[in-house]
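Numbered per our numbering, the sequence shown spans residues 2 to 459.
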Amino acid sequence: MKFGRFLTGLGALIVVGVAGAFVYAWKPKIAPIKPPDRGSFHQALVEHGAKLAAVGNCTACHTNPGGKSFAGGLTIPTPFGTIYSSNITPDAETGIGTWSEAAFQRAMREGVGRKGEHLYPAFPYDHFTNVSDDDNRALYAFLMTRQPVKATPPPNELPFPLNVRLVLAGWKMLFFRDGAYQVDASQSEEWNRGAYLVNGLGHCGACHTPRNALGAEKASLHLAGGEAEGWSAFALDGSSPAPVVWDKDSLYTYLRQGWHPDHGVANGPMGEVTGNLGLLPDSDIRAMATYIASIMGEPSAERRAKSDKLLEEIKSGPITSAISADPSASGGKGAVIYEAACAVCHENGRPQPFGGLDLRLSSTVHAPDAQNAINMVLYGLPAASGRTSAIMPGFADVLTNDQLNDLLGYLRQHFTDQPAWTDVVQRAADTRTGKYHVSVRPSDGIERGPSNIGAEDQ
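Below is the structure:
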């Protein structure tokens with residue numbers, strides 16, 4: 002009898018739990034609207050929204066190379082399957098043209114679509130939830146005044162049960178906390194502005210914070226380094242691999258112009274970020290730099306001294322390579338490749354951003370893993386279309402994986418005090434085959450491809 006009552010009670014608890022979970026997971030539809038007139042939005046609001054869209058780098062995920070801006074369809078590989086970005090133009094059938102501002106606000110704040118469907122966190126609503134209602138209103142005005150594009154992205158390619166969106170409610174219960182940014186009264190106004198931009202629309206942690214097995218950011222390792230589009234997103238805390246320490250001023254310069262003489266040119270997805278930040282006022286860039294510098298903290302006396310010593314050595318000019326007398330030695334072969342392919346740019350003394358960086362300053366060469374170095378050597382830094390830009394040729398068609406290993410082994414030995422990477426050959430093979438899906442962008446970063454520039458088609 003007691004066991005029977007136990008089973009009955011357990012069954013009741015399960016029913017109540019399932020019912021409660023369903024109530025939590027279920028979200029109502031928001032009625033569609035007639036697409037609003039472009040003239041119904043004040044121009045100042047639209048212009049403010051354009052700046053916010055740039056901070057959010059919306060065009061990066063919602064524009065397919067060669068396609069129309071914000072029309073979606075970009076392939077987003079994840080460890081769980083492939084997601085295709087949505088069309089966020091105001092097209093009534095395939096975009097968000099029938100979304101009210103309330104529907105848009107809910108998507109940003111709660112990660113729920115107009116029809117009540119939970120959105121996959123590839124759309125970083127865990128960051129966008131911080132955005133204020135006023136900024137969401139401006140962003141809505143900007144998107145609803147773009148050119149409507151009729152385009153339906155392919156269906157997502159996810160295994161069961163991840164293709165059931167109700168499952169996302171469980172992910173949210175574990176990892177998502179909604180709510181607008183709360184000012185930290187113990188910090189300055191500038192610091193709070195920077196935190197709002199970095200952790201909100203800027204969603205810097207989406208790339209620069211490591212993730213757990215379920216794809217959520219590890220909150221305890223905020224900005225401690227992550228991965229994005231086949232690139233390592235370096236740590237923005239005290240574990241940064243930069244051989245010269247960052248400070249507020251150098252961060253500001255790098256974010257403002259996309260390069261810094263002691264750190265080089267932004268590449269990979271970061272190139273697009275710095276390109277889009279060009280719309281922001283100096284005060285916002287400085288606020289972001291202030292916040293990130295606070296996360297990095299003050300370097301130790303030892304690290305500061307090491308950094309200062311390196312800068313003094315750099316002033317004396319580049320160090321010349323020393324080709325081994327035995328060219329069959331790994332270091333010797335790497336040195337020969339460096340002399341033939343790299344030294345002409347990286348040792349010519351031409352200043353940044355158009356000269357090759359002295360590799361003693363390179364975070365890529367000092368990094369914990371070889372992925373960014375592999376990407377740079379294989380794919381280089383493509384030229385921007387129609388304007389002056391930094392450029393580096395790619396060597397994918399010239400170097401074998403073994404030769405790449407020799408070259409990177411030489412760079413680590415000659416330009417750093419770090420141990421050799423041990424997995425270059427395998428990483429390079431996986432990169433060439435597409436197992437590591439690598440996005441390649443020009444140095445100004447705004448372009449998705451050589452002839453498709455951001456939102457220029459608007």
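No residue lacks a Cβ here, since even glycine has one placed at the ideal position from N, Cα and C.
Would you decide whether residue i is buried or exposed? Buried here means 16 or more other CB atoms lie within 10 Å of its CB.
i: Phe408; result: In the sequence as displayed, the identity of residue 408 is Leu instead of Phe. The residue in question, Leu408, is buried, as its Cβ has 16 or more Cβ neighbours within 10 Å.
i: Met174; result: exposed
i: Glu303; result: exposed
i: Pro149; result: buried
i: Glu94; result: exposed
i: Ile15; result: Low local confidence applies: a pLDDT of 47 at Ile15 is under 50, so the model's placement there is unreliable, and no value is given.
i: Pro160; result: exposed
i: Ala51; result: buried
i: Asn200; result: buried
i: Ser221; result: exposed
Which residues mark the beginning and the end of the beta strand (DSSP E) in which residue i is found?
i: Gly195; result: First-last for Gly195: Glu190 to Asn200, but that is the alpha helix (DSSP H), not the beta strand (DSSP E).
i: Thr76; result: Thr76 to Thr79
i: Ser233; result: Trp232 to Ala234
i: Gly227; result: Gly227 to Ala229
i: Tyr255; result: That residue, Tyr255, is in no beta strand (DSSP E); its alpha helix (DSSP H) goes Lys249 to Gln258.
i: Tyr411; result: Note, Tyr411: premise wrong, no beta strand (DSSP E); alpha helix (DSSP H) at Asn402 to Phe416.
What would DSSP say about residue i, mapped onto helix, strand or coil?
i: Ala326; result: With a pLDDT of only 45 at Ala326, under the threshold of 50, the placement of this residue in the model should not be trusted, and no figure is reported.
i: Gly82; result: strand
i: Val345; result: helix
i: His204; result: coil
i: Thr64; result: strand
i: Glu314; result: helix
i: Arg115; result: coil
i: Val266; result: strand
i: His223; result: coil
i: Glu340; result: helix
i: His261; result: strand
i: Arg107; result: helix
i: Pro300; result: coil
i: Arg166; result: coil
i: Arg305; result: helix
i: Arg178; result: coil
i: Pro451; result: Only weak support exists for where Pro451 lies, its pLDDT of 31 falling under 50; the value from the coordinates is given anyway. It is coil, neither helix nor strand.
i: Arg39; result: helix
i: Arg361; result: helix
If you check the beta carbons only, do residue i and residue j fall under 8 angstroms apart?
i: Leu169; j: Ile89; result: no
i: Gly335; j: Tyr411; result: yes
i: Gly265; j: Gly276; result: no
i: Ser233; j: Asp370; result: yes
i: Leu202; j: Leu53; result: yes
i: Gly73; j: Ala152; result: yes
i: Ala61; j: Glu313; result: no
i: Asp238; j: Ile296; result: yes
i: Gly98; j: Pro36; result: yes
i: Phe177; j: Tyr141; result: no
i: Leu311; j: Arg388; result: no
i: Ala207; j: His128; result: yes
Could you give the residue range of the alpha helix (DSSP H) that holds residue i?
i: Ile375; result: Gln372 to Tyr380
i: Met145; result: Asp134 to Met145
i: Phe71; result: Segment: none, Phe71 is in no alpha helix (DSSP H) and carries neither H nor E.
i: Thr90; result: Per DSSP, Thr90 belongs to no alpha helix (DSSP H) and is neither H nor E.
i: Thr291; result: Asp283 to Met297
i: Gln427; result: Val425 to Thr434
i: Ala55; result: Gln44 to Val56
i: Val366; result: Ser364 to His367
i: His128; result: Tyr126 to Phe129
With respect to 7 angstroms, is the separation between the Cβ of residue i and the closest non-hydrogen atom of the ligand FAD below this value?
i: Asn277; result: The ligand FAD is absent from the structure shown, which contains no ligand whatsoever.
| task | Assess, as a yes-or-no matter, whether the region 195-212 is touched by the region 283-290 under the definition of 3 or more beta carbon pairs within less than 8 angstroms. | result | yes
| task | State whether the region 173-189 contacts the region 33-43, with contact taken as three or more CB pairs (one from each stretch) at a distance under 8 angstroms. | result | no
| said: For the pair the region 241-260 and the region 198-217, tell me if three or more CB-CB distances fall below 8 angstroms. | reply: no
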